[in-house]
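Student: Okay, so the sequence shown: first residue is 628 according to the numbering used here, each after it adds one.
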Amino acid sequence: MDNSRKPVIFITLTPLFFILSLWVSVFPHEYAHAITAWFFGYKLNPFDIDYGRLSWQNVLFVDGIDEHVNYFLIYILGDKFAMGMIAFAGPLIATLFLYFLSLYLMRLNSIKNKPYLFYFVFWVNVSNLSELISYAALRSISRHGDIGHIEFAWGISQWLIFVVGCVLLSIAAWHFFSRTIVELYFRIRVDSMPLKCFFLILFSFLLFAYSGARVLLENNGLFSMSLSILFCILTPIIVVICWPKREWVKEREGFYMTYSGANALKF
């Protein structure tokens, strides 16, 4: 294959992997809710979720899928522990598991040595990190949704979840921009500066501006909406800090070149 065509292939695969990573991330999340509800006796079928209507938005972006759990009924019955566990299962079992699983898979040589497979697993990591940022940071001060249900059912302080979530997600975000995305440059051997910039801008947008825009559109309350606007503003700042020409980014790339024995695909 002509090396000059390989960057085009990765760019072409980008929208496909984005959509597939959403499917891989959303379905386990919703099934985790449903299976937990079934375990506690609040669903007859553990795989009975609402798949939404047949529309291009739902097919491409799984926009209308829901766990189909009646939280109000569970609350009326007084089973707050079950209510909290059902809500907990989606973001803090399924989504968190997929995030750490994708990190683990990207450490395997069998994945590292296959650039296109590595790129797909990378996308799964991004999708789940984006969801965690949305849940634990942007939607933690909310009276509805998974985090809101957990806080209400178990009597946990919204501010405690917000502070702890922001600290942990700051570490995860720094790990992503200082290691994961730099390893992507190396694994698919991106020597093209425009392509590195494309990846950085794209994934900065997805993790911050895209997550923030979704919360803004859902009308999650004044605090969440204000924080979402801040995340949108933060996006270009992240791009500037992590710009591929910066010395610390070059040093990190040099680290992978020096200490990794894995084969890479050179552009």
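Beta carbons: idealized from backbone N, C-alpha and C, even for Gly.
Could you check the C-alpha separation between phenylalanine 708 and arginine 680 for me, to the nearest Å?
Tutor: Position 81 of the sequence shown, counted from the first residue, corresponds to residue 708. Position 53 of the sequence shown, counted from the first residue, corresponds to residue 680. Spanning the two alpha carbons is a distance of roughly 32 Å.
Student: Could you check if serine 682 is buried or exposed, using at least 16 other CB atoms within 10 Å of its CB as the buried criterion?
Tutor: Locating residue 682 in the sequence shown gives position 55, counting from the first residue. The residue in question, serine 682, is exposed, as its Cβ has fewer than 16 Cβ neighbours within 10 Å.
Student: Do the CB positions of alanine 836 and glycine 792 come within less than 8 Å of each other?
Tutor: For the purposes of this step, residue 836 is identified with residue 209 of the sequence shown, where counting begins at 1. For the purposes of this step, residue 792 is identified with residue 165 of the sequence shown, where counting begins at 1. Not in contact: alanine 836 and glycine 792 (Cβ atoms no closer than 8 Å).
Student: Distance check for valine 653 and isoleucine 808, CA to CA, integer angstroms please.
Tutor: Reading the sequence shown from its first residue, position 181 is the one you call residue 808. Reading the sequence shown from its first residue, position 26 is the one you call residue 653. So the alpha carbons of these two residues sit roughly 22 Å apart.
Student: Using the DSSP secondary-structure output, state which residues sit across from aspartate 693 in a beta bridge.
Tutor: Along the sequence shown, one-based indexing puts residue 693 at 66. Beta-bridge pairing links aspartate 693 to Asp677.
Student: Taking the C-alpha atoms as reference points, what is the distance between tyrosine 678 and phenylalanine 789?
Tutor: Looking up residue 678 in the sequence shown gives position 51. Looking up residue 789 in the sequence shown gives position 162. So the two alpha carbons sit approximately 30 Å from each other.
Student: Suppose the cutoff is 6 Å on Cβ atoms and the five residues either side in sequence are ignored; what does the same chain contact list for cysteine 859 look like?
Tutor: Taking the first residue of the sequence shown as 1, we reach residue 859 at position 232. The residues are Ala836 and Gly839.
Student: Which residues mark the beginning and the end of the alpha helix (DSSP H) in which lysine 633 is found?
Tutor: Within the sequence shown, residue 633 is the residue found at index 6, counting from 1. Where lysine 633 is concerned, the enclosing alpha helix (DSSP H) stretches over 633-666.
Student: On a CA-only basis, which of Val866, Arg770 and Gln785 is nearest lysine 823? Give me that one, please.
Tutor: The count along the sequence shown starts at 1 and reaches residue 823 at position 196. Ranking the options by Cα distance to lysine 823, first place goes to Val866.
Student: Serine 754 and serine 819 look like a contact to me (Cβ under 8 Å); what is the Cβ gap, rounded to whole Å?
Tutor: Stepping through the sequence shown from its first residue, residue 754 is reached at position 127. Stepping through the sequence shown from its first residue, residue 819 is reached at position 192. That pair is no contact at about 25 Å.
Student: At what residues does the alpha helix (DSSP H) containing methionine 712 begin and finish?
Tutor: Numbered from its first residue, the sequence shown carries residue 712 at position 85. Residues 707-716.
Student: Pair every Cβ in the region 746-760 with every Cβ in the region 797-812, then say whether three or more of these pairs are closer than 8 Å.
Tutor: The region 746-760, when compared against the region 797-812, does touch it at the 8 Å Cβ threshold.
Student: Using the Cα positions of leucine 843 and threonine 885, report the straight-line distance between them to the nearest angstrom.
Tutor: Translated into positions along the sequence shown, residue 843 becomes position 216. Translated into positions along the sequence shown, residue 885 becomes position 258. If I take the Cα positions, the gap works out to 44 Å.
Student: What ranges does the alpha helix (DSSP H) occupy inside the region 788-835, keeping only unbroken runs of at least 4 residues that lie completely in it?
Tutor: Correct list: 808-814 and 820-831.
Student: Can you list, in chain order, the residues of its chain whose CB lies under 7 Å from that of lysine 877, leaving out five sequence neighbours each side?
Tutor: Locating residue 877 in the sequence shown gives position 250, counting from the first residue. Counting only Cβ-Cβ distances below 7 Å, and skipping sequence neighbours, we find nothing.
Student: Which of the three DSSP states, helix, strand or coil, is assigned to tyrosine 883?
Tutor: Walking along the sequence shown from the start, residue 883 turns up at place 256. Three-state result, tyrosine 883: helix.
Student: By how many angstroms is the C-alpha of methionine 710 removed from the C-alpha of isoleucine 950?
Tutor: Any answer about residue 950 is impossible in this case: the structure gives the chain only from 628 up to 894.
Student: Out of Asp693, Leu704, Phe826 and Asp690, point me to the one whose CA is closest to tryptophan 750's CA.
Tutor: Along the sequence shown, read from residue 1 onward, the residue named residue 750 stands at position 123. Ranking Asp693, Leu704, Phe826 and Asp690 by Cα distance to tryptophan 750 puts Phe826 first.
Student: May I ask you to report which of helix, strand or coil DSSP gives leucine 759?
Tutor: Counted from its first residue, the sequence shown places residue 759 at position 132. Correct three-state label for leucine 759: helix.
Student: Run the CB neighbour count on tyrosine 698, radius 10 Å, all protein chains shown included, and call it buried at 16 or more, exposed below.
Tutor: What you label residue 698 is simply residue 71 of the sequence shown in a count that begins at 1. Counting Cβ neighbours within 10 Å, tyrosine 698 comes out buried, since at least 16 surround it.
Student: Do you know offhand how far arginine 770's Cα is from leucine 849's?
Tutor: For the purposes of this step, residue 770 is taken as residue 143 along the sequence shown, with counting starting at 1. For the purposes of this step, residue 849 is taken as residue 222 along the sequence shown, with counting starting at 1. Roughly 12 Å separates the two Cα atoms.
Student: Below 7 Å CB to CB, which residues in the same chain sit around phenylalanine 674 once its five sequence neighbours on both sides are set aside?
Tutor: On the sequence shown, position 47 is the one that residue 674 refers to. Cβ neighbours of phenylalanine 674 beyond the five flanking positions: Tyr658 and Ala661.
Student: If I measure Cβ to Cβ from alanine 780 and keep anything under 6 Å in the same chain, skipping five residues before and after, which residues do I get?
Tutor: What you label residue 780 is simply residue 153 of the sequence shown in a count that begins at 1. Lys707, Met710 and Gly711, listed in sequence order.
Student: Does the distance from the CB of tryptophan 665 to the CB of valine 689 come in under 8 Å?
Tutor: As a working note, residue 665 is residue 38 in the sequence shown. As a working note, residue 689 is residue 62 in the sequence shown. Contact flag unset, no.
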